[in-house]
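First comes the structure, then the notes that go with it.
Shown next, in the form of C-alpha cells:
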C-alpha cells in the first residue's frame, strides 16, 4: 500500500480551491495547488485545459510548451484550443522558424479554417521577428571583429540555436585571415559543422597551423579528447576520489572547447595514455592526492602540464 494517506474529500477540495484561485486571478496559488493535486491524482482532460490557462496567465511559456506538446501527442480532444497555446509558447520562446514551419504545415493539411485564421497573427509576428533577427545577425557579422569575446560568443550561440546558417563563408574568411580567440574559433568550426559546410578551412590556433575538412570532424562533445582522455580520467577519479569528479570533468570540457578541433595528440605531442596520466598527475598535485601507480618521473608530464596551463589561461582570459 502507498505510504500516502489520501483523505476522502482531498481531490474534490483541491480542485475546488484551484478553480477558486483561477477565478480570482490568483494564478501563483493555483499553480502551487496544481502541483499538490498532481502528487496524488491524475488530471482529467478538462482539468488539463485549466492548467494550460494557468501557465499561460503566469507567462510560464517553457512549461506551457511542454504541457501542450504532451497533450497534443496524446490526442487530447481539445485540439483547436491547445494548438494556439503551443504555437504562442514557441513564439514567446523566440522559436520563430519553428512557428512558421508548423503553421505552414497546418495550412497544407485538412485543418479547421477557423483555427488557421487564429494562428496567422502568430505566423506574421514570427516572420517579422525572424526578419528582424536576421537583419541584426547580418549587421553583427559585418562588424564581428569590433566586438568583444562575450558578444562574439553570444552571437555564434544564437546563430546555432536559431539555425541561421547563412554565414558560412563569413566565418571561413574570419578564421583564415584574423587572429581569433581559441574558444571563438572552436565555436565557428562547430557552426560550420552543424551547417553542413563542405570544404577545407585553414587557420592558426594555439600556435598550431591547422588545415581541416569540416565535414570529416566530430562535434565538440564527441571529440577524441572527450572519448579517449576525459573518459579515462573520469573513470580514474570515480574509482579513487568520486567527490571531485564533476569539477574535473567540467574543467576538461573547457579545455576541449579551447583546443577543438586540434587533435589532442598533436597539441600535446604525446600519446593518449601519457596525456591521461599527465592530467591525473596534475589533478592529484592540485588536490593533494598521492598515488604510487602514477609515474611522476615521466619527463613528458611537465611539458604536457605547461600545455594544459595554456588551455586553462584561455578559460580565464577571454580577451
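In our numbering, the protein residues as written are 29 to 347. Using N, Cα and C, we set each Cβ at its ideal position, and we do this for glycine too. Computed from a predicted structure; not experimentally measured.
Between the options, which has its C-alpha nearest residue i's C-alpha?
| i | options | result |
| --- | --- | --- |
| residue 166 | 189, 41, 193, 151 | 193 |
| residue 318 | 339, 303, 292, 268 | 268 |
| residue 300 | 307, 257, 334, 277 | 257 |
| residue 263 | 108, 91, 308 | 308 |
| residue 84 | 327, 54, 227 | 54 |
| residue 259 | 246, 247, 225, 276 | 276 |
| residue 189 | 158, 63, 59 | 158 |
Measuring only the C-alpha atoms, how far is residue i from residue j?
| i | j | result |
| --- | --- | --- |
| residue 118 | residue 174 | 33 Å |
| residue 103 | residue 146 | 20 Å |
| residue 128 | residue 88 | 21 Å |
| residue 164 | residue 289 | 28 Å |
| residue 152 | residue 68 | 42 Å |
| residue 178 | residue 187 | 14 Å |
| residue 29 | residue 116 | Note that residue 29 scores 34 on pLDDT, short of 50, meaning its location in the model is unreliable and no value can be drawn from it. |
Would DSSP call residue i helix, strand or coil?
| i | result |
| --- | --- |
| residue 276 | helix |
| residue 152 | helix |
| residue 58 | helix |
| residue 229 | strand |
| residue 138 | coil |
| residue 238 | strand |
| residue 251 | coil |
| residue 207 | coil |
Quick one: measure Cβ to Cβ for residue i and residue j, integer angstroms, because I've assumed they're closer than 8 Å.
| i | j | result |
| --- | --- | --- |
| residue 204 | residue 229 | 7 Å |
| residue 287 | residue 339 | 6 Å |
| residue 144 | residue 134 | 6 Å |
| residue 303 | residue 296 | 5 Å |
| residue 90 | residue 121 | 7 Å |
| residue 96 | residue 113 | 5 Å |
| residue 181 | residue 216 | Not quite, the Cβ-Cβ distance comes to about 10 Å (not below 8 Å), so this is no contact. |
Between residue i and chain D, is the shortest Cβ-Cβ distance under 8 Å, so that the two count as touching?
| i | result |
| --- | --- |
| residue 300 | Absent from the structure is chain D; it holds one protein chain and no more. |
For this session: Could you pull out every unbroken alpha helix (DSSP H) segment of at least 4 residues lying fully inside the stretch 283-331, listed in chain order?
Result: List check, alpha helix (DSSP H) in window: 292-296, 300-314.
Exercise. Going along the chain, which unbroken runs of the alpha helix (DSSP H) with 4 or more residues stay wholly within the stretch 67-117?
Worked result: Complete alpha helix (DSSP H) runs here, min 4: 73-85, 89-101.
Problem set entry | Runs of alpha helix (DSSP H) lying entirely within the stretch 152-194, each at least 4 residues, in chain order | The DSSP assignment places complete alpha helix (DSSP H) segments of no fewer than 4 residues inside the stretch 152-194 at 177-189, in order along the chain.
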